[in-house]
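Trainee:
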Amino acid sequence: MKCYRKILRIPWCDRVTNEEVLERVNIQNCQLMNNIRKLKLTYFGHVNHNTLEKLWKEWSRARGAEDVQKDDGVKMSLNG
């Protein structure tokens, strides 16, 4: 429930019941995905701005998993 409140940007001081939050999530499911995509791209811009001179480094990965680059998540967000 806490993550839904954070994504919908509901302040902790607002008295919104859990039922109301769930109703907003169901109503705004498409908008929620758009917000997530927007936040991802905003974060990418922040990271990209701070690492222009640096080379891309691989994220830590689980043993035996494929190599994951930082820009792979951005490519997936842009493709749909």
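Number 65 in this note's numbering belongs to position 58 of the sequence shown; there are no gaps in the numbering.
Just so you know, even glycine gets a beta-carbon here, dropped at the ideal spot from N, CA and C.
Since the structure is predicted, the reported quantities are computational estimates derived from the model, not experimental observations.
Any heavy atom of the ligand COA closer than 7 Å to the Cβ of E27?
Mentor: Judged by which ligands are present, the structure shown has none, so any question about the ligand COA falls away.
Trainee: Counting along the chain, where does the alpha helix (DSSP H) carrying I17 start and finish?
Mentor: Premise fails: I17 is in no alpha helix (DSSP H) and is neither H nor E.
Trainee: Give the secondary structure of T24 by DSSP, where H, G and I count as helix, E and B as strand, and everything else as coil.
Mentor: Of the three classes helix, strand and coil, the one that applies to T24 here is coil, per DSSP.
Trainee: Report back the beta-carbon spacing between L48 and V81 to the nearest angstrom; my notes put them in contact at under 8 Å.
Mentor: Correct: roughly 7 Å between the Cβ atoms.
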